[in-house]
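S.K.: One structure coming up, written as C-alpha cells, with questions to follow.
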RNA sequence: GCCGGGGUGGCGAAAUGGCAGACGCGACGGACUUAAAAUCCGUUGACCGCAAGGUUGUGCGGGUUCGAGUCCCGCCCUCGGCACCA
C-alpha cells in the first residue's frame, strides 16, 4: 500500500484485476438467494453524461451491497442501439449507421469501465445486432399469430423534423418526445400492438407493485390509461331508423340534456344528412374542424374555442322522450368514447360553455346536498329554482331534481338504477372506456428491427416464417430524409418471394419502434447468447422478476408501460409466470449545473453549455470520488446540483480514510488469525466508544440501504471516520484490545465504503492484510451487535412545559422513578418549577423528561 | 382546472410525535509556511448579552397533544405530469 492516495493508479489496477478474474460474472442456479439489479440501458449517443453516471452509481452501490450480503447478484449492461441519431448521422454526414453506433458503443464501454461499475460484461447485448433483433421479430410473429398486432390505416402522429411516426405516448403534449417539435397528423398504414387489450390488467396489477414503485409513476400511468366507468345510451334519430350512441359517466344528469353533440368525423353523420338542406353547411363545418385538428400543434396549452353547427336532426331522449337538437362540434373527439355525447350544460363545464355561446337552454337536474339535506331528508318535490341563471356548471354529485320518477335520488343510486333501466328497455348498457390507445409500432426508419411481414399480390399479408428469421437489415441504404423508410429504396431487400405461393412479393419496409427492443431486453440478459429462442425459460425463471430497477422519470409512461404490457403478453404466450417484471423502481433525479450568465440550475446539456464531462472528472478526482459525491450530495430521487467543491470534499474524505488505514496497517496487516473479541471490561472507555460507534453505524447503514438512502449512509461513514480520527491511542502504543476495536472499525468502514468507492476500498482491504482474498471475493458485510451499539451513558433532556431547560445524566437502565427524582432535583430545572404546581411528569425512558407545571 | 411531489441555515441536506439543523460544501478565525496552496484545530440559524445565559426559529393561519418540522383542517408558493377524455 502506498503512503499516499493515488486514485488513478489504484483504479486502473483494480479495474484490470476485476476484468481479468471475471470478478462480477455470475451464474444462475446458485444456492444463494438471487438479486437482479438493473439500470436502464443507455442509448449509445457517443458519450456518457452525468445522468448515466448517477444511474450506474446508484445501481452499483446496490449491487455491491447485495453481493457483500451474500446474494447472487445479476448486474448487466447493454445498448439500446437502434434509433434516430444514428440515422441522422447517416443523413447528414453520410456515415453508415452501424459503424457510427459501434464506434459509440466502443467509446462508451471504455467510459463505463473507467467508472469501474461491477457489470457482468459477458452478458452485454446490443439491440442492433441480428442476434438480438431476430427475437424482436420473433415476438412480432407470436403476437401476429394471436392477433396482438394488426395493421390499419390511421391518422398517426407525425414528427415533421424527424420524418417519422410517433406513438401516442411519444407525442404526449402534442410534441415529439425526443426533439420537442410539434406533432402533426398524417394518414398511414401502420402496425399496432394491442396494448388496449391489457388496459384493465395494467391498472389492476399496479396493486402488486404499489409498495415498490413511486406513487407518481403509478399515478402517471393510471392517468394515461384513463379508465372511466359510465354507460352507453342510444338516442333515436327522429324520422330515421338510426340511433346515435353516446358515452356518459353521468347518466344521472340525462334529464338535463339539451342536445346530442357529435364529432365532425363521426361516420354516421354523412348518412344521416343525406337529402338534408343543411348537409352542405355541416359538411363544410366538419371539413374545417378536421383541417384545424390536422394543423393543430396543441403544443401550447391554450384551449380551442368551441364551435358547432346545428344539423337540423332531432334526437329523442330515451328517458324523458324529449326532442333534442343534434349538433356537430369541434370539442367532441372521435377518438374517445363513441364520438358523440349528450350535452348537459348545467352539469358539465364544456357543455355549459357551448350552451352559453349558442344560447341553448340550461336546465339544472342535480341539486347540491347541503348538510340539512342529506339524501334521507331531501325533499324530491322541492326542486331547484330554474329561473336564477347558473353562473357555472355544477359538476358534483347531488340529488336528482326535475328528473321524472328519478327525482330525489342521490346521484350514485340513480346512476346504477338508470343504467339498469336502460338495459331493460334495450337502449343502453354499462360501459367502461379508456384513454389508452393501441401502441403504433411502425417507424419509417432504416435503423430499427425490420417488421417481418411480406405483401403478396395473391396471398395478401403473409408473415415471414420463423425459420427465415432474422430478416436482416441490409448493409446500407440511401439516406435522403424523405419520410419514407430508406429500406424502400433497397431493391434486394424489398423484392422477395411469397412464403406461401412463391410468387413475387415485397417486404414491409417499416421497422419497429425502438421501444420494442427495450420492452424485453432485461430478459435477454439472463440468457444473452441463446440462438434457438429469446431466452431459456428456466434461466429467466431463476433471475426474473427484477428486484430493483433504476432510471430516469422520463420513461414513467413510455418504456415502463410498454415493458409491463410486454411482460403480460409473454405471460400469455407461456414464457413467464408472473404479471409484473419489476418489483421495485427507483426514479433518480436530474443532474443539473449552473448556466453561465443566468446562474440558473438546468439539466446538463450541450446546447446550454453547462455539461460536465465524466472523463474529465474521473481524470481529475478519480471515479471513486465522483461516485461518492454523486451518492452523497443529495437523495437519489432529488435533483443533483453539480458542484466541484463537493467532489473535492469527497476526495478529502477518501484521503483521510486512506491515511488512517495506512497509519494502522503496519500493526494490522499481519495475516495472523484475527483475535477473539475482548470482553468489554478489557477495553478502555475510548475503545468501547469506538466499538459502539462502529456498531451504531453498521445498524444505521443497514437501514439506509433498505430505503436506498445512500446520502445518509455516506454521512454515517463520515461520522465513523471522524470518531476513528479522534481515537486517542496511536498504533505504536495501542494494546491488543485497542487494536481489536480499531481493526473492527476500519474493516467495517472499508467494507461499507465499497458500494460507494470500490477501488479504494479494495486497496485498503488489501492494506489491512487480507491474504485470504479480495474484498470483492471474500468480504462479508458487517453485522451490528445491538448490545455493543447501546449507549452506556445518556444525557436526558429535561423539559418544563415542553421547553428544554436542562439535562440530566443517566444510563439506559435508570428506572423511571429515578429519572423523575433527578429531574425534579436538578438545579436548573428547579429555577423554572419552584413556586409552581407540578401537574404531571412525563417520562419517556431513555429519551426525555417533561415536567408540566401550572 | 385535475392529479402527484415539495417548501427546514448562505448552499446540498439530516431528524420511529420527544435535544431541529447530523453529515458535507461555503464562510470566518487560528496553527504550520518567507508566502500561497494543501493539511490540521476552532467558530458558524437569527436576535439580545462582555459573559453566564436568555429569546426566537422548520412557507402562512388555526387545531390535536405534556410535547408538532413530523398528525388534522384551511390557505399561500413552487416543481412535475395530464389537460376539451364526456
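Residue numbers (our numbering): 730 to 1583. By construction, the Cβ of each residue, glycine as well, lies at the ideal position given by its N, Cα and C atoms.
Specify, as a first and last residue, the run of the alpha helix (DSSP H) that residue 1378 falls within.
M.R.: Mapped onto the first chain, residue 1378 falls at position 649. First-last of the alpha helix (DSSP H) with residue 1378: 1373–1397.
S.K.: Under the rule that 16 or more other beta-carbon atoms within 10 Å means buried, what is residue 1283, buried or exposed?
M.R.: Against the first chain, residue 1283 aligns to sequence position 554. Exposed.
S.K.: Out of curiosity, what's the CA-to-CA distance linking residue 989 and residue 1058?
M.R.: Translated into the one-based positions of the first chain, residue 989 becomes position 260. Translated into the one-based positions of the first chain, residue 1058 becomes position 329. Cα to Cα, the separation comes out at about 10 Å.
S.K.: By Cβ distance, which residues of its chain are closer than 7 Å to residue 954, with the 5 residues on each side in sequence left out?
M.R.: Position 225 of the first chain, counted from the first residue, corresponds to residue 954. 928, 931, 932, 1163, 1164, 1165, listed in sequence order.
S.K.: Could you tell me how far apart the beta carbons of residue 763 and residue 801 are, in whole angstroms, since I believe they sit closer than 8 Å?
M.R.: Here residue 763 refers to the residue found at position 34 when the first chain is read from its first residue. Here residue 801 refers to the residue found at position 72 when the first chain is read from its first residue. The pair is a contact, with the Cβ atoms about 5 Å apart (cut-off 8 Å).
S.K.: Would you check if the stretch 930–950 and the stretch 1291–1300 touch, i.e. whether three or more CB-CB distances between them fall below 8 Å?
M.R.: yes
S.K.: How many Å lie between residue 964 and residue 972 at the Cα?
M.R.: Position 235 of the first chain, counted from the start, is the residue given in the question as residue 964. Position 243 of the first chain, counted from the start, is the residue given in the question as residue 972. Using only the alpha carbons, I get a separation of about 5 Å.
S.K.: When the Cβ atoms of the stretch 770–786 are set against those of the stretch 1337–1347, are three or more pairs found closer than 8 Å?
M.R.: yes
S.K.: Hey, residue 921 and residue 881 are a contact pair by Cβ (cut 8 Å); roughly how many whole angstroms apart?
M.R.: Taking the first residue of the first chain as 1, we reach residue 921 at position 192. Taking the first residue of the first chain as 1, we reach residue 881 at position 152. Confirmed, about 7 Å.
S.K.: Can you list, in chain order, the residues of its chain with a C-beta nearer than 8 Å to that of residue 1390? Leave out the 5 residues immediately preceding and following it.
M.R.: Locating residue 1390 in the first chain gives position 661, where the first residue counts as 1. If we look at residue 1390 and ignore the five residues flanking it on each side, its Cβ neighbours are 730, 1475, 1479, 1493, 1496, 1497.
S.K.: For residue 1054 and residue 1038, I'd like the C-alpha separation in whole angstroms.
M.R.: Start at 1 with the first residue of the first chain, and residue 1054 comes out as number 325. Start at 1 with the first residue of the first chain, and residue 1038 comes out as number 309. When rounded, the distance between both Cα atoms is 10 Å.
S.K.: Beta-carbon separation of residue 905 and residue 895 under 7 Å?
M.R.: Within the first chain, residue 905 is the residue found at index 176, counting from 1. Within the first chain, residue 895 is the residue found at index 166, counting from 1. Yes, the Cβ-Cβ distance between residue 905 and residue 895 is below 7 Å.
S.K.: Under 8 Å, with one C-beta from each stretch per pair, do the stretch 1361–1370 and the stretch 1306–1319 reach the 3-pair mark?
M.R.: With a cut-off of 8 Å on Cβ pairs, the stretch 1361–1370 is in contact with the stretch 1306–1319, counting three or more such pairs.
S.K.: CB-CB under 6 Å to residue 1143, same chain, minus the five flanking residues each way: which ones, in chain order?
M.R.: The count along the first chain starts at 1 and reaches residue 1143 at position 414. The residues are 981, 1129, 1135.
S.K.: Leaving out five residues on either side along the sequence, give the residues of the same chain with a beta carbon under 7 Å from the beta carbon of residue 1334.
M.R.: Indexing the first chain from 1 puts residue 1334 at position 605. Taken in chain order, the residues that qualify are 1340.
S.K.: Using only the alpha-carbon positions, how far apart do residue 1349 and residue 1483 sit?
M.R.: If you number the first chain from 1, residue 1349 lands on position 620. If you number the first chain from 1, residue 1483 lands on position 754. Taking the straight line joining both Cα atoms gives about 20 Å.
S.K.: Just how far apart, CA to CA, sit residue 1269 and residue 756?
M.R.: Counted from its first residue, the first chain places residue 1269 at position 540. Counted from its first residue, the first chain places residue 756 at position 27. Between residue 1269 and residue 756, the C-alpha separation is close to 12 Å.
S.K.: Does the distance from the C-beta atom of residue 1552 to that of residue 1558 stay below 7 Å?
M.R.: The residue given as residue 1552 occupies position 823 in the first chain. The residue given as residue 1558 occupies position 829 in the first chain. Cβ distance < 7 Å, so residue 1552 and residue 1558 count as in contact.
S.K.: As a quick exercise: from 1309, 1520, 1298, 1436, pick the residue whose alpha carbon is nearest that of residue 923.
M.R.: Here residue 923 refers to the residue found at position 194 when the first chain is read from its first residue. Nearest option by C-alpha distance: 1298.
S.K.: Are the beta-carbon atoms belonging to residue 959 and residue 1007 less than 7 Å from one another?
M.R.: On the first chain, residue 959 is found 230 positions in, with the first residue counted as 1. On the first chain, residue 1007 is found 278 positions in, with the first residue counted as 1. In this structure, residue 1007 does not lie closer than 7 Å to residue 959 by Cβ.
S.K.: What first and last residue would you give for the beta strand (DSSP E) that runs through residue 1579?
M.R.: Within the first chain, residue 1579 is the residue found at index 850, counting from 1. Start and end: 1577–1582.
S.K.: Among the residues of its own chain, which have a CB less than 7 Å from the CB of residue 1324, if the five just before and after it don't count?
M.R.: To locate residue 1324, count along the first chain from 1; it is residue 595. Excluding positions up to five away in sequence, the list reads 1331, 1337, 1339.
S.K.: Taking contact to mean at least 3 C-beta pairs separated by less than 8 Å, is the stretch 1209–1217 in contact with the stretch 1172–1184?
M.R.: yes
S.K.: Which residue comes first and which comes last in the beta strand (DSSP E) that contains residue 1161?
M.R.: Here residue 1161 corresponds to residue number 432 of the first chain, with the count starting at 1. Unbroken beta strand (DSSP E) run through residue 1161: 1157–1162.
S.K.: Could you tell me which of 1421, 1427, 1409, 1438 sits nearest to residue 1456, measuring between CA atoms?
M.R.: Numbered from its first residue, the first chain carries residue 1456 at position 727. Taking only the C-alpha atoms, the option nearest residue 1456 is 1421.
S.K.: If we require 4 or more residues per run, which alpha helix (DSSP H) segments fall completely within the stretch 1424–1481?
M.R.: 1439–1454
S.K.: As a quick exercise: from 1573, 1540, 1532, pick the residue whose alpha carbon is nearest that of residue 1561.
M.R.: For this step, residue 1561 is matched to residue 832 along the first chain. Nearest in C-alpha terms to residue 1561, of all of 1573, 1540, 1532, is 1532.
S.K.: Roughly how many angstroms lie between the CA atoms of residue 1516 and residue 1425, to the nearest whole one?
M.R.: One-based indexing of the first chain puts residue 1516 at position 787. One-based indexing of the first chain puts residue 1425 at position 696. Each residue's Cα considered, the two are about 10 Å apart.
S.K.: Mind checking who residue 1279 pairs with in its DSSP beta bridge?
M.R.: Counted from its first residue, the first chain places residue 1279 at position 550. Beta-bridge pairing links residue 1279 to 768, 1315.
S.K.: Could you compute how far the alpha carbon of residue 1485 sits from the alpha carbon of residue 889?
M.R.: By 1-based counting over the first chain, the position of residue 1485 is 756. By 1-based counting over the first chain, the position of residue 889 is 160. So the alpha carbons of these two residues sit roughly 45 Å apart.
S.K.: Cα-Cα, which of 1060, 1093, 1084 is closest to residue 1076?
M.R.: Your numbering for residue 1076 matches position 347 in the first chain. Answer by Cα proximity: 1093.
S.K.: Could you pull the DSSP bridge partners for residue 893 from this structure?
M.R.: Against the first chain, residue 893 aligns to sequence position 164. Bridge partners of residue 893: 888.
S.K.: Could you spell out the range, first to last residue, of the beta strand (DSSP E) harbouring residue 1140?
M.R.: As a first step, residue 1140 must be located in the first chain, where it is residue number 411. Looking at the DSSP string, residue 1140 is not in any beta strand (DSSP E); the run it does join, the alpha helix (DSSP H), is 1140–1153.
S.K.: Kindly list the residues whose CB is nearer than 7 Å to the CB of residue 969, restricted to its own chain and excluding five residues on each side of it in sequence; keep chain order.
M.R.: To locate residue 969, count along the first chain from 1; it is residue 240. Counting only Cβ-Cβ distances below 7 Å, and skipping sequence neighbours, we find 1001.
S.K.: On the three-state DSSP scale, how would you describe residue 1225?
M.R.: By 1-based counting over the first chain, the position of residue 1225 is 496. Residue 1225: strand per DSSP, three-state reduction.
S.K.: If you draw a straight line from the C-alpha of residue 1184 to the C-alpha of residue 1300, how long is it?
M.R.: Along the first chain, read from residue 1 onward, the residue named residue 1184 stands at position 455. Along the first chain, read from residue 1 onward, the residue named residue 1300 stands at position 571. In a straight line, the C-alpha of residue 1184 is about 30 Å away from that of residue 1300.
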